[in-house]
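J.:
Numbering (this note's numbering), first residue to last: 16 to 306.
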């Protein structure tokens, strides 16, 4: 049984157990002062579109800017189970095409008045010649645990990327919720640190080299890609604005890569040039409650 199937079975088992065990109807049972969005307690369908100004992952990116326009559709149940499908189009000159299709299944749950947890499983379908930094990743499993409160909210993240060799990444973030306009406008200044392995980065370089020289065989390009290193620090300020059924989200982010990789290129060995990245995500989502 593949790792992906094991995680899907685990997710479904957790969902069935928690639904059976639950004594209340809604997903979020936090104190009302911590519950920003009334849709957290609803079952609803949703659709929307997302614009990403540059595809940056753990501080790394392609040599050329790779923006994405991503329409999506999904369904969220009040018990925390949700599903989502999306298609990412890149409007880059001489490339412009759908570069990625994604299927996602997840489950969110609260425990007590402050603890918010969740698990998600994503399946990626990349264009075979995609220039995306994540294009070698086939599946992703992410777990998180967030402590909600009025001051500083810590969050722990654990992710597994399935490549030719799996990557394991741990993240730790701190944020604060600034509430404005009767809690319909929320700003979340956030700082996040990531630590993990870099097999995905090794596969990215190898795939690029194979496009230039099809005679190349599989080999290690990024030295010691399986070693665990600090990966990046990211500063962001996610801003959300709610109307009764619409949710608008703007997230400016600044990512600083750490731990320059040693890269074995044909005929020479190079050190990765670390460059910080600023990028923006804009999301518009319509949600319709299911009675």
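The C-beta atom is built at its ideal place from N, Cα and C for all residues, glycine as well.
Roughly how many whole angstroms lie between the Cα atoms of residue 93 and residue 155?
T.: Using only the alpha carbons, I get a separation of about 24 Å.
J.: Tell me, please, whether the segment 204 to 223 touches the segment 243 to 251 by the rule of three or more beta-carbon pairs shorter than 8 Å.
T.: Touching, per the Cβ criterion.
J.: Please classify residue 262: does DSSP put it in a helix, a strand, or coil?
T.: Here residue 262 sits in strand by DSSP.
J.: Starting from residue 243, trace the alpha helix (DSSP H) in both directions and tell me its first and last residue.
T.: Note, residue 243: premise wrong, no alpha helix (DSSP H); not H, not E.
J.: Rank 159, 151, 254, 78 by C-alpha distance to the C-alpha of residue 198 and give the top, closest one.
T.: Of the listed residues, the one whose Cα sits closest to residue 198 is 254.
J.: Look at the alpha carbon of residue 264 and the alpha carbon of residue 298, and state the distance between them as a whole number of angstroms.
T.: Roughly 5 Å separates the two Cα atoms.
J.: The beta strand (DSSP E) that contains residue 201, what's its start and end?
T.: Start and end: 200 to 211.
J.: Have a look at 290, 283, 235 and flag the residue whose alpha-carbon is nearest the alpha-carbon of residue 274.
T.: Ranking the options by Cα distance to residue 274, first place goes to 290.
J.: My output table needs one value for residue 54: the three-state DSSP class, helix, strand or coil.
T.: Here residue 54 sits in helix by DSSP.
J.: Exposed or buried, residue 165, counting other C-beta atoms within 10 Å across all chains shown (16 or more means buried)?
T.: Counting Cβ neighbours within 10 Å, residue 165 comes out exposed, since fewer than 16 surround it.
J.: Tell me whether residue 126 is buried or exposed, calling it buried when 16 or more other Cβ atoms sit within 10 Å of its Cβ.
T.: Answer is exposed; the Cβ neighbour count stays below 16.
J.: Who pairs with residue 157 in a beta bridge, going by DSSP?
T.: Answer is 135, 174.
J.: Alpha carbon to alpha carbon, what distance is there between residue 138 and residue 85?
T.: Roughly 15 Å between the two C-alpha positions.
J.: Between the alpha carbons of residue 113 and residue 64, how many angstroms are there, rounded?
T.: Near 14 Å, if we compare the C-alpha coordinates of residue 64 and residue 113.
J.: Please say whether residue 300 and residue 61 have beta carbons closer to each other than 8 Å?
T.: Yes, they are a contact pair.
J.: With burial defined as no fewer than 16 other Cβ atoms inside 10 Å of the residue's Cβ, what is the status of residue 135: buried or exposed?
T.: Result: buried.
J.: Residue 276: which of 170, 286, 270 sits nearest, CA to CA?
T.: The candidate whose alpha carbon is nearest that of residue 276 is 286.
J.: Give the secondary structure of residue 73 by DSSP, where H, G and I count as helix, E and B as strand, and everything else as coil.
T.: Coil.
J.: What three-state label does DSSP hand residue 257 in the structure shown?
T.: Three-state DSSP puts residue 257 in a strand.
J.: So, with DSSP's three-state summary, where would you put residue 142?
T.: Coil.
J.: For residue 272 and residue 188, what's the separation of their Cα atoms in angstroms?
T.: Computed Cα separation, rounded: 16 Å.
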